[in-house]
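Chains as they are written, first to last, in the UniProt record's numbering: chain A, 1 to 398; chain B, 1 to 398.
All C-beta atoms in this analysis are idealised placements derived from N, C-alpha and C, irrespective of residue type, glycine included.
Protein chains: 2
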Amino acid sequence: MVEWLASFGKSKNNGVTRKLYSYEWQCAQQALEKRIKKVGLQAYYDDVGNLFGRLPGTERNALTILTGSHIDTVVDGGKYDGAYGIIAGFLALRYLYEQHGLPKKNIEVVSLCEEEGSRFPMTYWGSGSITGVKSMDDVQGLVDLQNVSFLNAMHEAGFGQGKHRHPSRTDLECFLELHIEQGEILEREEKAIGLVSHIVGQRRYEITVVGESNHAGTTPMAWRKDAMYVASELIQLLIQRAKETTSGLVATVGQLQLDPNISNVIPGKVIFTIDIRHCEEEVIDEFSKAVFKEFQLIADKHKTDVSIRNWMNEKPIKMCEKLMGLSETILTRDKVPFKKMVSGAGHDAQMFASFCPTSLLFVPSHKGISHSPYEFTRTEDLEKGIQLLIKVLYELAY
Amino acid sequence: MVEWLASFGKSKNNGVTRKLYSYEWQCAQQALEKRIKKVGLQAYYDDVGNLFGRLPGTERNALTILTGSHIDTVVDGGKYDGAYGIIAGFLALRYLYEQHGLPKKNIEVVSLCEEEGSRFPMTYWGSGSITGVKSMDDVQGLVDLQNVSFLNAMHEAGFGQGKHRHPSRTDLECFLELHIEQGEILEREEKAIGLVSHIVGQRRYEITVVGESNHAGTTPMAWRKDAMYVASELIQLLIQRAKETTSGLVATVGQLQLDPNISNVIPGKVIFTIDIRHCEEEVIDEFSKAVFKEFQLIADKHKTDVSIRNWMNEKPIKMCEKLMGLSETILTRDKVPFKKMVSGAGHDAQMFASFCPTSLLFVPSHKGISHSPYEFTRTEDLEKGIQLLIKVLYELAY
């Protein structure tokens, strides 16, 4: 079923490109809709294009247990990111329905319209709309690279005009998301399942080092204010400090730019980004504060200037302990090796976590490769995740 | 006269843009030609567009003492780079002629057509043609950014079709070039004149560090092969080693590029340039060898690969000691503060040095700024250079 879903938006490199409201996106949702109906589940959309498959509960006024993930992908992404959580939910609902009939509570699988932000400068549009964090106001004026407006794309795909129910929900008891790890911790440690306790907080900075641009031949070493030399010392310090922490904090310099960028001119300015992540905000705070204090000392030592701009600050998100405990009990009983861990990447689960009890479950990613045609998880690992999801849903809904 | 010459090709920023064979270049050469004739000197071009002003010697079969520099500039360059050496030569010849009449040996001032390479991918075209290092074969097929061929541009300006004498010379006794320092050693040390003993050799490398690109959130610090982290350690090492040398060696990382260059992705590859200069080739050899050995160890330590490609290798050039000695004697006698130094930048003098005895003389550059509208040398400093040139030419030719 992974290959089947990946056929909608298949790229030349055998990856998947399925951007929000695109033709490929529409084909994938419509194909899923058909498949949901075919197995006897109810299918419906909400007005932003989230697709639901519903197994109605027998109890009066029953609340809904929701599971699923996102249908959109990055450009030339993998077959598992997002898609796996939808397929797993669908297969779990079908199995439960076939084996146990209707549950007491409603169970729904959701194919969330968007999470990646790969078409418009907007992320978590699907989960944000359900949880009331995002609304139509947030997408006014947004355009994609082809200058197509968000609203037009939405209308073209048949959404955003009140033909479907409003996306916000008041009936959710909890949300469960099954996802590939996108890291290689589970594979390296030979665990089948990751029980996510937190999604890390992310802090991003832009660091600007200003020295003095000069002739590479006529400026003696002692007189230089070489911004690249200073930047390299800052990067060394940052990464070393991050390596020294035992708390699991990670720090990355992913982007860097010299000015001018000419082989025979001493760089006068260097701008680089820092991405820092940890599951506790205070740890990020303390780490950044200590490192930036040292940055200042280093810049002063070289008679250069350093300025630090914080441009992203996503707080860490705690998942529901009780739901995680339920998975833990099941896995311990079934003797399936698992690991409690934090997620270093963002997921739809983080939008739900402050809205209703939420659980995020990982299966291994081969070599940790993700957002790439080389993304891969073995079938037996995929199956173990689905087994767990079935058992958790059964406990919660029947 | 500096301002007068700078008026041909004046840019919006009050800089000068005078590219080879351009309209501005033609205007400047023609204006100089007129001025040369006006003071009673002979004026002539050679077939690549070098313009000469000649004060003929009275001796039979007299050799020629040549002085001058280049008339072309970089885009939005300064008023002094190149131009000063031509103006100084012109004023020196006029003075000598007025005060002392005809010399025994021929003295010529040359306005060399090109040195900077700012229009075509070709440098030292003027001096290279005189010294026989360059010929028409070297410019076949070259085009500028507007796709104008070198040969067409040359023909349009009236050169390259045999209307003028062939540029190569057999009558040169020596070449003297007066130039701004383009560094701030003379200004900082309060010296009026720099006597250049060598033009440094330049070695340029491209360094490629290959690690492993990975997710900035899901990859623990200990498992990373962060190419930027490794590159920053290499840069730290390189610059520190260069600072430790007491020999005047300089090393610069001027260009650097990450792959991918995305804030939330660990860089898998970093490519950067190294520019190393010194007046002795063995020093560059030993330094590079030692540093690159350490590069390998660092890359190995981080389980990454480093590859090193040498893409430029200009040998150091020694100037004529005897000519330098003559300047030294004059300056010592006149109590003018001077410094023996190496040139960190390339000059026309380096083309002449292996062809005939050559001397390169510097005057201070304010703050070392060059190739910029802010290039500046005080009039009194310019005058001291011309005084010296007059005295040296007198000693050599009268």
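Worksheet item: Where F362 (chain A) and Q240 (chain B) are concerned, what is the direct C-alpha to C-alpha distance, given to the nearest angstrom?
Response: Reading the first sequence from its first residue, position 362 is the one you call residue 362 (chain A). Reading the second sequence from its first residue, position 240 is the one you call residue 240 (chain B). Using only the alpha carbons, I get a separation of about 46 Å.
Item to complete: Could you have a look at S111 (chain A) and say whether DSSP puts it in helix, strand or coil?
Response: As a working note, residue 111 (chain A) is residue 111 in the first sequence. It is a strand residue.
Item to complete: Kindly say whether I262 (chain A), judged by its beta-carbon, lies nearer than 8 Å to any beta-carbon of chain B.
Response: Translated into the one-based positions of the first sequence, residue 262 (chain A) becomes position 262. Cβ-Cβ to chain B under 8 Å: yes for I262 (chain A).
Worksheet item: Looking at the unbroken beta strand (DSSP E) that takes in F338 (chain A), where does it start and where does it end?
Response: Along the first sequence, one-based indexing puts residue 338 (chain A) at 338. Element bounds for F338 (chain A): 338-343.
Discussion item. Counting beta carbon pairs with one atom in the region 252-266 of chain B and one in the region 287-301 of chain B, are three or more of them shorter than 8 Å?
Written reply: Short answer: they don't touch.
Worksheet item: Out of B:T17, B:L93, B:A83, which has the shortest C-alpha to C-alpha gap to G40 (chain B)?
Response: As a first step, residue 40 (chain B) must be located in the second sequence, where it is residue number 40. Measuring from the Cα of G40 (chain B), the nearest candidate turns out to be B:L93.
Worksheet item: Is K243 (chain B) helix, strand or coil by DSSP?
Response: For the purposes of this step, residue 243 (chain B) is taken as residue 243 along the second sequence, with counting starting at 1. Here K243 (chain B) sits in helix by DSSP.
Worksheet item: For H215 (chain B), does the count of other Cβ atoms within 10 angstroms reach 16, so buried, or fall short, so exposed?
Response: Along the second sequence, read from residue 1 onward, the residue named residue 215 (chain B) stands at position 215. With 16 or more other Cβ atoms inside 10 Å of its own Cβ, H215 (chain B) counts as buried.
Worksheet item: Taking 8 Å as the CB-CB limit, is V253 (chain A) close to chain B?
Response: Position 253 of the first sequence holds residue 253 (chain A). Taking CB atoms only, V253 (chain A) has a neighbour in chain B less than 8 Å away.
Worksheet entry | Cβ-Cβ distance between K104 (chain A) and A6 (chain A) below 8 Å | Here residue 104 (chain A) refers to the residue found at position 104 of the first sequence. Here residue 6 (chain A) refers to the residue found at position 6 of the first sequence. No, these two residues do not count as a Cβ contact at 8 Å.
Practice prompt. Run the CB neighbour count on E321 (chain B), radius 10 Å, all protein chains shown included, and call it buried at 16 or more, exposed below.
Written response: By 1-based counting over the second sequence, the position of residue 321 (chain B) is 321. Here E321 (chain B) is exposed. Its C-beta has fewer than 16 other C-beta atoms within 10 Å.
Fill in: Reduced DSSP secondary structure (H/G/I, E/B, other) of H347 (chain A)
Position 347 of the first sequence, counting from 1, holds the residue named residue 347 (chain A). DSSP places H347 (chain A) in coil when its eight states are reduced to three.
Worksheet item: Using a C-beta to C-beta distance shorter than 8 Å, which residues of chain B count as neighbours of V200 (chain A)?
Response: Mapped onto the first sequence, residue 200 (chain A) falls at position 200. Those within 8 Å of V200 (chain A) in chain B are G217.
Worksheet item: On the three-state DSSP scale, how would you describe L91 (chain A)?
Response: On the first sequence, position 91 is the one that residue 91 (chain A) refers to. Helix, per DSSP.
Worksheet item: Does K384 (chain B) have its Cβ less than 8 Å from a Cβ in chain A?
Response: On the second sequence, residue 384 (chain B) is found 384 positions in, with the first residue counted as 1. By this cut-off, K384 (chain B) is not an interface position.
Worksheet item: For C174 (chain A) versus I330 (chain A), is the C-beta spacing smaller than 8 Å?
Response: Indexing the first sequence from 1 puts residue 174 (chain A) at position 174. Indexing the first sequence from 1 puts residue 330 (chain A) at position 330. Cβ atoms of C174 (chain A) and I330 (chain A): not closer than 8 Å.
Item to complete: Check each residue of the region 230-247 of chain A: if its Cβ is closer than 7 Å to any Cβ of chain B, include it; give the result in chain order.
Response: Here the close residues are S232, E233, I235, Q236, I239, A242, K243.
Worksheet item: At a CB-CB cut-off below 9 Å, which residues of chain B make contact with Q182 (chain A)?
Response: Here residue 182 (chain A) refers to the residue found at position 182 when the first sequence is read from its first residue. Result: H215, G217, T218.
Worksheet item: With distances taken between CB atoms, is the gap from S359 (chain A) to M324 (chain A) smaller than 8 Å?
Response: The residue you call residue 359 (chain A) lines up with position 359 of the first sequence. The residue you call residue 324 (chain A) lines up with position 324 of the first sequence. Inclusion of S359 (chain A) and M324 (chain A) in the CB contact set at 8 Å is warranted, their separation being smaller than that value.
Worksheet item: According to the Cβ coordinates, are H166 (chain A) and D348 (chain A) closer than 8 Å?
Response: Position 166 of the first sequence, counting from 1, holds the residue named residue 166 (chain A). Position 348 of the first sequence, counting from 1, holds the residue named residue 348 (chain A). Taking 8 Å as the Cβ cut-off, H166 (chain A) and D348 (chain A) do not qualify as a contacting pair.
Item to complete: Output yes if chain B places a C-beta closer than 8 Å to the C-beta of V250 (chain A); else output no.
Response: In the first sequence, the residue the question calls residue 250 (chain A) occupies position 250. Answer yes: the Cβ-Cβ gap between V250 (chain A) and chain B drops below 8 Å somewhere.
Worksheet item: Distance, Cα to Cα, I130 (chain A) vs N50 (chain A)?
Response: As a working mapping, residue 130 (chain A) is identified with position 130 in the first sequence. As a working mapping, residue 50 (chain A) is identified with position 50 in the first sequence. Going by the C-alpha atoms only, they are around 9 Å apart.
Worksheet entry | N313 (chain B), DSSP secondary structure in three states | Indexing the second sequence from 1 puts residue 313 (chain B) at position 313. In the structure shown, N313 (chain B) adopts extended strand secondary structure according to DSSP, grouped into three states.
Practice prompt. Quick one: grab the DSSP three-state call for I130 (chain B).
Written response: As a position in the second sequence, residue 130 (chain B) is number 130, starting the count at 1. Assigned with DSSP and collapsed to three states, I130 (chain B) falls in helix.
Worksheet item: Going along the chain, which unbroken runs of the beta strand (DSSP E) with 3 or more residues stay wholly within the UniProt domain "Peptidase M20 dimerisation" (201-295) of chain B?
Response: Taking only runs of at least 3 residues, the beta strand (DSSP E) segments lying wholly in the UniProt domain "Peptidase M20 dimerisation" (201-295) of chain B are 201-210, 250-252, 256-259, 269-278.
Practice prompt. Output, in sequence order along the chain, the residues in the region 69-99 of chain B whose CB is closer than 7 Å to any CB in chain A.
Written response: Using a CB distance below 7 Å, no part of the region 69-99 of chain B faces chain A.
Discussion item. Looking at chain A, is there any beta carbon in it that lies within less than 8 Å of the beta carbon of V196 (chain B)?
Written reply: The residue you call residue 196 (chain B) lines up with position 196 of the second sequence. False, the Cβ-Cβ gap to chain A never drops below 8 Å.
Worksheet item: Closest Cβ-Cβ distance between G268 (chain A) and chain B: below 8 Å?
Response: Sequence index remark: in the first sequence, residue 268 (chain A) carries index 268 (1-based). The Cβ of G268 (chain A) sits no closer than 8 Å to any Cβ of chain B.
Practice prompt. Taking only the alpha-carbon atoms, compute the straight-line gap between K191 (chain A) and F338 (chain A) and give it to the nearest angstrom.
Written response: For the purposes of this step, residue 191 (chain A) is taken as residue 191 along the first sequence, with counting starting at 1. For the purposes of this step, residue 338 (chain A) is taken as residue 338 along the first sequence, with counting starting at 1. Spanning the two alpha carbons is a distance of roughly 5 Å.
Discussion item. Going by DSSP in three states, H27 (chain B) sits in which element: helix, strand or coil?
Written reply: Stepping through the second sequence from its first residue, residue 27 (chain B) is reached at position 27. It should be pointed out that residue 27 (chain B) corresponds to Cys in this sequence rather than to His. Looking at C27 (chain B) - three-state DSSP - the assignment turns out to be helix.
Practice prompt. Report yes if the CB atom of H377 (chain B) is closer than 8 Å to the CB atom of H366 (chain B), and no otherwise.
Written response: Against the second sequence, residue 377 (chain B) aligns to sequence position 377. Against the second sequence, residue 366 (chain B) aligns to sequence position 366. It should be noted that the sequence gives Thr, not His, for residue 377 (chain B). With contacts defined by Cβ atoms closer than 8 Å, T377 (chain B) and H366 (chain B) form a contacting pair.
Worksheet item: What's the C-alpha gap between P364 (chain A) and A31 (chain A)?
Response: Within the first sequence, residue 364 (chain A) is the residue found at index 364, counting from 1. Within the first sequence, residue 31 (chain A) is the residue found at index 31, counting from 1. Whole-angstrom Cα-Cα distance: 27 Å.
Practice prompt. For S232 (chain A), count neighbouring Cβ atoms within 10 angstroms of its own Cβ and tell me buried if that reaches 16, exposed if not.
Written response: In the first sequence, the residue the question calls residue 232 (chain A) occupies position 232. Burial call: buried.
Item to complete: Specify the secondary structure class of S365 (chain A) as computed by DSSP and reduced to three states.
Response: On the first sequence, position 365 is the one that residue 365 (chain A) refers to. In this structure, S365 (chain A) counts as coil in the three-state DSSP scheme.
Practice prompt. Can you tell me which of A:Y84, A:V209, A:R188 puts its alpha carbon nearest to the alpha carbon of residue 400 (chain B)?
Written response: Only positions 1 to 398 of chain B appear in the structure, and residue 400 (chain B) is not among them; the question remains open.
Worksheet entry | Straight-line Cα distance separating Q202 (chain B) from G194 (chain B) | As a working mapping, residue 194 (chain B) is identified with position 194 in the second sequence. As a working mapping, residue 202 (chain B) is identified with position 202 in the second sequence. G194 (chain B) and Q202 (chain B): Cα-Cα distance of roughly 20 Å.
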